[in-house]
Each structure stands twice: as structure tokens, then as C-alpha cells.
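What follows is a single structure, written as C-alpha cells, with notes after it.
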Amino acid sequence: MSPRTPLSSAIPRGHPAVLANSKMKEDSSMPMRQAQPSRPAMRIPLADLRAQHQQLGRDLQEAIDRVFAASDFVLGKEVRQFEEEYAAYCGTTEAIACANGTDALELALWAIGVGPGDDVITVANTFAATAEAIVRCGAVPRFVDVDRQTLLMDTTRLEGAI
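Just so we're on the same page, my numbering is the position in the sequence shown counted from 1, plus 18.
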């Protein structure tokens, strides 16, 4: 791939990311437009890892060392213990640790019976993983814009998405 070839051309046609992107363009209640360069962008850090590391670093390193020493990562003792503790914290009897948020969303959708032929309504400003999980279940994401005051789903637009 040359430096000028768009990355999207390297993604296969049926890939969930391609399907979700085309659905977002198709279903968006706001017209798509190109960003116009105006002034240098302000840098807003995504996460302050230094502050998190200062607070949690020693405990995290000890946990990582325990897992590596036991060579018991996937479905191991530490994972089971985490699931039990998290379930108790949430006031339930079961919890499932997932590799990432996308997997967690997909499992939740499958658990409530979402599948091929279903539509799932979500906010238009969601992270890409939300649409990807919907598409991976065989469903179609339907996007609804947010209320400008609350930044939550604008429920007055729900009927148009159905």
C-alpha cells in the first residue's frame, strides 16, 4: 500500500468496520461534511497515564507478575477471582471478563437475543465499537442524534429511527 492509498481500501468489503461506516453515512440524521482546517488543533490528552500509574502502578505490577509467574492468563485463577469480586461489587451472582469492550458489547447483544434482521438504535456520537458489535451480531445500527443540552440520546428522534 502506497503512502497515498487510503487505509480504508485495505479493509475487505464485508468487514464489520466497513459495514458500520456505510450504515453511519446512510442513517445519519446530520449531513456528512469534510472538516475544514482553520487553526492548529488543541491537544487534549486522552488519558493521564502518569497519574494513574502513580496511584495504581505498584498493585498492577504485582498482579501482572503473579499472572506471568503462574502462566495462568486465559480463564485462570486471577480471572475467576476478578469475575467473582466484580459480580459481588455489582450485586449479582455472575460476571464475565472479556478481552475488550467490543467483545463485552457483542456478548450483551447476543445475550438479549439481538441477531440478523434486527435493528439496534444507538447514539450517533458513540465509539466505533458500538456499531461494530451491532454489525457483528448481524443486526443493523440505527443512529439517533443526541440532545444538545444533555448529550444523551434525543428521544424525540427515536420514532424516525424505527
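Even for Gly, the Cβ is constructed at its ideal location relative to N, Cα and C. Source: prediction; values computed, not measured.
Which of the three DSSP states, helix, strand or coil, is assigned to residue i?
i	result
R166	coil
V158	strand
At what residues does the alpha helix (DSSP H) containing residue i begin and finish?
i	result
D137	Looking at the DSSP string, D137 is not in any alpha helix (DSSP H); the run it does join, the beta strand (DSSP E), is D137 to V141.
G75	L67 to A88
A129	G119 to A129
V97	K95 to C108
G178	L176 to A179
Roughly how many whole angstroms lie between the Cα atoms of residue i and residue j?
i	j	result
G178	D172	11 Å
H71	E96	21 Å
T174	A87	54 Å
T120	R57	34 Å
By Cβ distance, which residues of its chain are closer than 7 Å to residue i, with the 5 residues on each side in sequence left out?
i	result
L123	A147, T148 and A151
I139	R160, V162, L176 and A179
Go through its chain and collect everything with a Cβ distance to residue i's Cβ below 8 Å, but skip five positions before and after it.
i	result
V85	F91, G94 and E96
L170	V141 and V164
If contacts are defined as beta-carbon pairs under 8 Å, then residue i and residue j qualify, I think. What distance do you get, rounded to the angstrom?
i	j	result
P134	G109	About 33 Å; that fails the 8 Å criterion.
V158	N143	Not confirmed; about 18 Å, so no contact.
I114	L125	7 Å
To which residues of the same chain is residue i closer than 6 Å at the C-beta, ignoring the five residues directly before and after it?
i	result
L25	Confidence is the limiting factor: at L25 the pLDDT is only 45, short of 50, which leaves the residue's position unreliable, though a coordinate-based value still follows. Correct list: empty, nothing qualifies.
A106	none
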